[in-house]
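Structure first, commentary second.
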Amino acid sequence: METRRLGLTDIELTPIGLGCMQFTGGRSVAKYIVRDIGQDTVTTVVSTALDGGINWFDTAEMYGRGRSEQMLATALRGCGIAPGEVTVATKWPPLGRTAGDIGRSIGSRLRHLGGHPIGLYQIHMASGSLSSIPAQLRAMAKLHRDGKIRNVGVSNFSARQLELAHRVLADEGVTLAANQVRINLLHRHVERDGVLDTARRLGVTLIAYSPLEGGILTGRFHDDPTRARDLPPMRRVFGHGWLTAKGLARTAPLLAAMREMGRAHGVSRAQVALNWLITHYGDTVVAIPGASKPAQAAEAAGAMAFELDKADRDRLDELSRPLT
Ligand SMILES: NC(=O)c1ccc[n+]([C@@H]2O[C@H](COP(=O)([O-])OP(=O)(O)OC[C@H]3O[C@@H](n4cnc5c(N)ncnc54)[C@H](OP(=O)(O)O)[C@@H]3O)[C@@H](O)[C@H]2O)c1
0 METRRLGLTD IELTPIGLGC MQFTGGRSVA KYIVRDIGQD TVTTVVSTAL DGGINWFDTA
60 EMYGRGRSEQ MLATALRGCG IAPGEVTVAT KWPPLGRTAG DIGRSIGSRL RHLGGHPIGL
120 YQIHMASGSL SSIPAQLRAM AKLHRDGKIR NVGVSNFSAR QLELAHRVLA DEGVTLAANQ
180 VRINLLHRHV ERDGVLDTAR RLGVTLIAYS PLEGGILTGR FHDDPTRARD LPPMRRVFGH
240 GWLTAKGLAR TAPLLAAMRE MGRAHGVSRA QVALNWLITH YGDTVVAIPG ASKPAQAAEA
300 AGAMAFELDK ADRDRLDELS RPLT
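In terms of numbering that gives the first Met the number 0, the sequence shown opens at residue 0 and continues consecutively.
Okay, here's the thing in structure tokens:
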């Protein structure tokens, strides 16, 4: 599958990148969402993703207070990847911080990334900062002008906030490259809340996070609901809302159709979900599945290597629309 341009920038991304929230070293609040998988596994996951053709990685300061960035950099070094050979995206957490922190904390981001340039620096969420959104974006634009980051992005921004971010950056002579939001077969809100239309109009890439709805779209909890007991507490309790008997029953027809299509193409349900996501919205959307095991990273990359036919995509559309 061909690469896609990140917004209007000169960066080419594979339609699938690797989400790195799964790398936390068991630190901070992330440990209630994902288990610590250790550096050796992280390196194998990254190396499997690279072998499968994935050319970019999404991390964040919030994932283990910088530990995910460090583990990713260590893994890339272990795989012989030189700075600049792949794109690394990371995020600034606004919670309880002023815009001034953007300039103050960039040094630790760059240090943690061990020389890998920041291809995309995103404001992790629209709320929680002690400064206004325009002040945060002006601080981001300054980092760009100072050559500390290559491109600016946002995450969890509404259509209105996206317009505002785009305008403020344009006044600073900087392009808004991406908005990272949750999109998957069970969460298609971007189609009705204006985010998709706005992104298309402004030439902003949408980076789909939780593309497997936290694992629900792999069908593993439909096959054996007791597997939910092994999840870290926050994923077990919230489970994106689908881990109840009712949630699993409602989504069962979709998962059954995905299994059938997967069998016809020799792929898994996870790969059907990812392939739908990177084809349904055209070039506007790229996806960042998380992987805690090498086999999951291989499946993620493999989702770029086949094509669902139109009849399959229409059926998925029809079955998922009432659920989202
Ligand atoms: N910007 C934001 O606010 C935000 C929020 C959330 C996530 N993100 C980003 O998006 C990335 C992905 O989101 P996510 O981790 O929430 O959800 P996800 O990608 O939908 O689900 C990832 C989980 O699904 C399971 N999985 C993945 N591939 C599988 C396969 N082939 N077979 C069976 N199970 C599989 C794994 O669970 P186990 O580990 O339990 O095996 C994995 O940890 C994160 O890594 C992060 O970079 C961003």
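Cβ coordinates follow ideal geometry from the N, Cα and C atoms, glycine included.
For I277, the closest alpha carbon among the candidates L254, G301, A255, Q295 is that of G301.
Between I117 and R149 the beta-carbon gap is near 6 Å, inside 8 Å, which marks them as a contact.
In the DSSP assignment, V173 falls outside any alpha helix (DSSP H), carrying neither H nor E. Along the length of the segment 131-215, whole alpha helix (DSSP H) runs at least 4 residues long occupy 132-144, 158-170, 194-201, reported in chain order. Beta-bridge pairing by DSSP links Y120 to T89, V151. Residue range 268-279 is occupied by the alpha helix (DSSP H) that includes W275. In the structure shown, A286 falls within a strand segment according to DSSP collapsed to helix, strand and coil.
Secondary structure in the segment 27-80: the alpha helix (DSSP H) runs of 4 residues or longer, each lying completely within the stretch, are 37-50, 66-77 in chain order. The criterion of a C-beta distance shorter than 8 Å is satisfied by L195 and V189. Pairing I132 with V167, the inter-Cα distance amounts to about 9 Å. Taking the Cα of L109 as reference, the smallest distance to any Cα among A140, K147, V151 is reached at K147. Annotation for I101: the continuous alpha helix (DSSP H) segment containing it runs 99-111.
Taking the CA atoms as reference points, A310 sits about 25 Å from P288. Nearest C-alpha to A297 among A286, L49, R3, Y31: L49.
The shortest CA-to-CA distance from E84 to any of R76, W91, K90 is the one to R76.
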